[in-house]
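> Residue numbers (the numbering used here), protein chains in the order written: chain A, 4 to 316; chain B, -19 to 175. For every residue, glycine included, the Cβ atom is placed at its ideal position computed from N, Cα and C.
Structure follows, in C-alpha cells:
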C-alpha cells in the first residue's frame, strides 16, 4: 500500500494580494460625510460662514443624489471599447450628460437660497430662472475647468450639480461593471477629470486593503484611484517631491493636510491623511486656503481644481 | 475645441478678493489676515529598503528641513512602504525600530580595521579600505587560482575566497556582482537575499 503524502497547505499571505486600483464613490455617504466635515471645520474657522454655507450646499448635493433617477450608462460595446483603449467611460467633456442635472441644479439652488447671504440671492434667483438651454454653456466652462470670467459666482453651483450627476453615474458604473485603471495616472479613470487632492487612506473594511496607500480623488465624480506615493500626479516625476505644511501655533489639525510639491513641473496637489480622523479631500482643501497661498508664494501652481471654489485673480 | 497645455490653477492671496468666496457674499479678508500667522514647513519622503534581513522590506523615510536654507536635515520617522509589494507597509519589530539604528550612538559610520595581533579597531579611509580588500583578494587569488584540472582542461577556479552580496541590491548591481566575481573565477558566490 502506498502511504498517502501529507502536504502542508500553502499559507496565503494577505499582503500578497493586490489592493484595489480604483474605488468608485459611495453614493449613500460621500456628500453626507463631506457636509459633516465642512461643519466640523467651520467651528472656529476664519471663514466659518462660508464653510457652513458649503455644508448646506453639500447636504443638498446628498439629498439630490438620493433622489437622482437611474442614469442611462454607455452600452456594453462602448464600455468594452473604453476599457480596451484605456479611456475613461464617462468622459467629462464628451459623455452626453443627462438632463437630470438641470433638476439637480434647481434643487440645490432652492435648498441653499435661504442660507445664502443677502448679496448672493440675486445670483441664485437668476440661476434658478435660466432656461435649460442656457445652463449648458456654464456647464461646459466647468467641465473644461475654465473657472473664471463672467458670472463666475454661478460656477460653484453648476459644478456642485454636475458633481451629483457624475457621482451618481460613477457609483452606478462601479456597482455594475466596475471601473478599470487607465494607463495615465493623472486623470480620473471614470471621467478623465482632474483630481482635487490625494487621500492617504486607512485600511478599509474589505479584503486586500492596505493602510497608507495614496489615492487621487476626482474633483468631479468622486472616484478614487491609486497612485504610488512620492510621485507627482501632474508629471509623474519622483525626484524633487516635497511636502509643505502649515506650521505655527494657529494650526488646528497638524499633519492632516500637506501640499505635495513637485520641482520638475512646479505644481502641487494637497494630500489629506485619513489617520488624522474624518478628513475629506474637498472640505479639508477649502479649509486650508492659507496653505495654497503660501505654496503659491513659494512658486508652485495647483494641479487640480476644487469645483466649489472659483479662485479669482 | 481649445487645445492647451495642461492647465494649472492659481489659488493666491491676490485672487481671493475676486474669488467665489467674495462673489457668494462672504468676506475673504480674515483668511488673508490669518495667512501671516503661519509658516510653511517642508518635509520629504524617501524610499529605501530595510537593511536587516533577506526579505528586503520597503521603507519610507520622513525627513524634515529645508535644504535651501542651510537647515540641518533630520530623519523624524521611518515606516513600511505601502506601495512595496514585498511588505505592503508592514514591518517586523526590528524593522519598526530602524529610526533607533539611524540615531544610534554606536552606529558604524566609517571603515575600520583591526590588524592581525591587535585588539584595537583603527579608523581608515574608504580608499584605504578598498585598496586593502583588493590587495588581499589579489594575493589570495595569485596563490590559489586553479587554472587547469587533473585532465588538463582550463577551469580557472578560485576556491579560496567567497562573496556574499547584499539583499538590497537591484538587478543591475546583481548583474555586475556576478560578472566581476565570475570573471575573477570565484566559485563561492551567494547573496543575503537567499538565506
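#1: Of the residues A:282, A:312, A:309, A:253, which one's Cα is nearest the Cα of residue 19 (chain B)?
#2: What separation, rounded to the nearest whole angstrom, lies between the Cα atoms of residue 167 (chain B) and residue 154 (chain B)?
#3: Taking Cβ to Cβ, would you say residue 36 (chain B) is nearer than 8 Å to residue 66 (chain B)?
#4: Compare the Cα-Cα distances from residue 135 (chain B) to each of B:125, B:-7, B:141, B:170 and report the closest residue.
#5: Among residues of its own chain, excluding the 5 on either side of residue 121 (chain B), which ones have a beta-carbon nearer than 6 Å to its beta-carbon?
#6: State yes or no: is the beta carbon of residue 35 (chain B) nearer than 8 Å to at least one beta carbon in chain A?
#7: Can you find at least 3 beta carbon pairs, one from the region 300 to 314 of chain A and one from the region 112 to 123 of chain A, that sit closer than 8 Å?
#8: Which runs of the beta strand (DSSP E) fall wholly inside the region 195 to 228 of chain A and span at least 3 residues, in chain order?
#9: Is residue 62 (chain B) close to chain A? Criterion is C-beta to C-beta, closer than 8 Å.
#10: What do you reckon, are the CB atoms on residue 266 (chain A) and residue 281 (chain A) nearer than 8 Å?
#11: On a CA-only basis, which of B:7, B:10, B:31, B:55 is nearest residue 25 (chain B)? Give me that one, please.
#12: Indicate whether at least one CB of chain B lies closer than 8 Å to the CB of residue 251 (chain A).
#13: Can you have a look at residue 118 (chain B) and say buried or exposed, based on whether 16 or more other CB atoms are within 10 angstroms of its CB?
#14: Answer yes or no: does any C-beta atom of chain A fall closer than 8 Å to that of residue -8 (chain B)?
#15: According to DSSP, which residues form a beta bridge with residue 138 (chain B)?
#16: Roughly how many whole angstroms lie between the Cα atoms of residue 35 (chain A) and residue 65 (chain A)?
#17: Counting pairs of Cβ atoms below 8 Å between the region -12 to 4 of chain B and the region 272 to 286 of chain A, do you hit three or more?
#18: Taking its Cβ as the centre, do 16 or more other Cβ atoms sit within 10 Å of residue 115 (chain B), making it buried, or is it exposed?
#19: Quick one: list the residues of chain B neighbouring residue 218 (chain A), beta-carbon separation under 9 Å, in chain order.
#20: For the alpha helix (DSSP H) that residue -5 (chain B) lies in, which residues bound it at each end?
#21: Return the bridge partner residues of residue 144 (chain B) from the DSSP annotation.
#22: Return the chain-ordered list of same chain residues with a C-beta closer than 6 Å to the C-beta of residue 185 (chain A), the five sequence neighbours on each side being excluded.
#23: I'd like the list of long-range same chain contacts for residue 285 (chain A), defined as Cβ closer than 7 Å, with 5 residues on each side in sequence excluded.
#24: Our contact map puts residue 74 (chain A) next to residue 51 (chain A) with C-beta atoms below 8 Å; I'd like the distance itself, whole angstroms only.
#25: Assess contact between the region -7 to 10 of chain B and the region 154 to 161 of chain A, defined as three or more Cβ pairs (one per stretch) separated by less than 8 Å. Is contact present?
#26: Is residue 18 (chain A) close to chain B? Criterion is C-beta to C-beta, closer than 8 Å.
#27: With a threshold of 8 Å between beta-carbons, can residue 278 (chain A) be considered close to chain B, or not?
#28: Given that a residue counts as buried once 16 or more other Cβ atoms are within 10 Å of its Cβ, and exposed if not, what is residue 58 (chain B)?
#29: For the alpha helix (DSSP H) containing residue 121 (chain A), list its first residue and its last residue.
#30: Return yes when the Cβ of residue 229 (chain A) is within less than 8 Å of the Cβ of residue 173 (chain A), no when it is not.
#31: Assuming residue 94 (chain A) and residue 195 (chain A) are in contact, meaning their beta carbons sit under 8 Å apart, how far apart are those beta carbons, in whole angstroms?
#32: Identify the contact partners of residue 177 (chain B) in chain A, using a Cβ-Cβ distance below 8 Å as the criterion.
#33: So, with DSSP's three-state summary, where would you put residue 0 (chain B)?
#34: So for residue 2 (chain A), helix, strand or coil by DSSP?
#35: Given a limit of 8 Å on CB to CB distance, which residues of the region 149 to 176 of chain A reach chain B?
#36: With 16 other CB atoms within 10 Å as the buried threshold, where does residue 215 (chain A) fall?
Put simply:
#1: In the second chain, residue 19 (chain B) corresponds to position 39, counting from 1. Measuring from the Cα of residue 19 (chain B), the nearest candidate turns out to be A:253.
#2: Residue 167 (chain B) sits at position 187 when you count from the first residue of the second chain. Residue 154 (chain B) sits at position 174 when you count from the first residue of the second chain. Take the alpha-carbon of residue 167 (chain B) and the one of residue 154 (chain B): they are about 16 Å apart.
#3: Locating residue 36 (chain B) in the second chain gives position 56, counting from the first residue. Locating residue 66 (chain B) in the second chain gives position 86, counting from the first residue. Their beta carbons are under 8 Å apart, which means residue 36 (chain B) touches residue 66 (chain B) by this criterion.
#4: Position 155 of the second chain holds residue 135 (chain B). Residue B:125 is the option with its Cα nearest to residue 135 (chain B).
#5: In the second chain, the residue the question calls residue 121 (chain B) occupies position 141. Hits under 6 Å: 138.
#6: If you number the second chain from 1, residue 35 (chain B) lands on position 55. When Cβ-Cβ separations below 8 Å define contact, residue 35 (chain B) makes no contact with chain A.
#7: With a cut-off of 8 Å, the region 112 to 123 of chain A and the region 300 to 314 of chain A do not count as touching, because too few Cβ pairs lie within range.
#8: The region 195 to 228 of chain A contains these whole beta strand (DSSP E) runs: 198 to 203, 217 to 221.
#9: The residue given as residue 62 (chain B) occupies position 82 in the second chain. For residue 62 (chain B), the answer is yes, since a Cβ of chain A falls inside 8 Å of its Cβ.
#10: As a working note, residue 266 (chain A) is residue 263 in the first chain. As a working note, residue 281 (chain A) is residue 278 in the first chain. Between residue 266 (chain A) and residue 281 (chain A), the C-beta gap is not smaller than 8 Å, which leaves the two residues out of contact.
#11: Counting from one through the second chain, the residue named residue 25 (chain B) turns up at place 45. Checking every option, the nearest Cα to that of residue 25 (chain B) belongs to B:55.
#12: Taking the first residue of the first chain as position 1, residue 251 (chain A) is located at position 248. The Cβ of residue 251 (chain A) sits closer than 8 Å to at least one Cβ of chain B.
#13: For the purposes of this step, residue 118 (chain B) is identified with residue 138 of the second chain, where counting begins at 1. Classification for residue 118 (chain B): exposed.
#14: Translated into positions along the second chain, residue -8 (chain B) becomes position 12. Chain A has a Cβ within less than 8 Å of the Cβ of residue -8 (chain B).
#15: For this step, residue 138 (chain B) is matched to residue 158 along the second chain. According to DSSP, which records beta bridges pairwise, residue 138 (chain B) is partnered with B:166.
#16: Here the question's residue 35 (chain A) lines up with position 32 in the first chain. Here the question's residue 65 (chain A) lines up with position 62 in the first chain. Near 6 Å, if we compare the C-alpha coordinates of residue 65 (chain A) and residue 35 (chain A).
#17: Under the Cβ criterion (8 Å, minimum of three pairs), the region -12 to 4 of chain B does not count as touching the region 272 to 286 of chain A.
#18: Counted from its first residue, the second chain places residue 115 (chain B) at position 135. It is exposed - the Cβ of residue 115 (chain B) has fewer than 16 other Cβ atoms within 10 Å.
#19: Taking the first residue of the first chain as 1, we reach residue 218 (chain A) at position 215. Within chain B, no residue comes near residue 218 (chain A); the closest Cβ sits about 11 Å away, beyond 9 Å.
#20: The residue you call residue -5 (chain B) lines up with position 15 of the second chain. Counting along the chain, the alpha helix (DSSP H) containing residue -5 (chain B) begins and ends at -7 to -4.
#21: The residue labelled residue 144 (chain B) in the question sits at position 164 within the second chain. DSSP lists B:170 as partners of residue 144 (chain B).
#22: Residue numbering aside, residue 185 (chain A) sits at position 182 when the first chain is read from its first letter. Counting only Cβ-Cβ distances below 6 Å, and skipping sequence neighbours, we find 89, 192.
#23: Mapped onto the first chain, residue 285 (chain A) falls at position 282. Excluding residues within five positions, the ones whose Cβ falls inside 7 Å are 37, 199, 309, 311.
#24: Here the question's residue 74 (chain A) lines up with position 71 in the first chain. Here the question's residue 51 (chain A) lines up with position 48 in the first chain. With a Cβ gap of about 36 Å, residue 74 (chain A) and residue 51 (chain A) do not count as contacting.
#25: Between the region -7 to 10 of chain B and the region 154 to 161 of chain A, the count of Cβ pairs shorter than 8 Å is three or higher; the stretches touch.
#26: Locating residue 18 (chain A) in the first chain gives position 15, counting from the first residue. Here the model assigns residue 18 (chain A) a pLDDT of 46, short of 50, so the residue's position is not dependable, and the following value carries that caveat. True, the Cβ-Cβ gap to chain B drops below 8 Å.
#27: Along the first chain, one-based indexing puts residue 278 (chain A) at 275. It does not: the Cβ of residue 278 (chain A) has no partner Cβ on chain B nearer than 8 Å.
#28: As a working note, residue 58 (chain B) is residue 78 in the second chain. It is buried - the Cβ of residue 58 (chain B) has at least 16 other Cβ atoms within 10 Å.
#29: Taking the first residue of the first chain as 1, we reach residue 121 (chain A) at position 118. Its alpha helix (DSSP H) spans residues 121 to 132.
#30: Taking the first residue of the first chain as position 1, residue 173 (chain A) is located at position 170. Taking the first residue of the first chain as position 1, residue 229 (chain A) is located at position 226. Cβ distance not < 8 Å, so residue 173 (chain A) and residue 229 (chain A) don't count as in contact.
#31: Position 91 of the first chain, counted from the first residue, corresponds to residue 94 (chain A). Position 192 of the first chain, counted from the first residue, corresponds to residue 195 (chain A). 5 Å between Cβ atoms; contact.
#32: Outside the shown range of chain B, which is -19 to 175, sits residue 177 (chain B), and nothing can be said about it.
#33: If you number the second chain from 1, residue 0 (chain B) lands on position 20. Under the three-state reduction of DSSP output, residue 0 (chain B) falls in the helix class.
#34: Since the first residue shown for chain A is 4 and the last is 316, residue 2 (chain A) is missing from the structure and cannot be characterised.
#35: Those residues of the region 149 to 176 of chain A placed with their C-beta closer than 8 Å to a C-beta in chain B are 150, 155, 156, 158, 159, ordered along the chain.
#36: Looking up residue 215 (chain A) in the first chain gives position 212. Buried is the call here.
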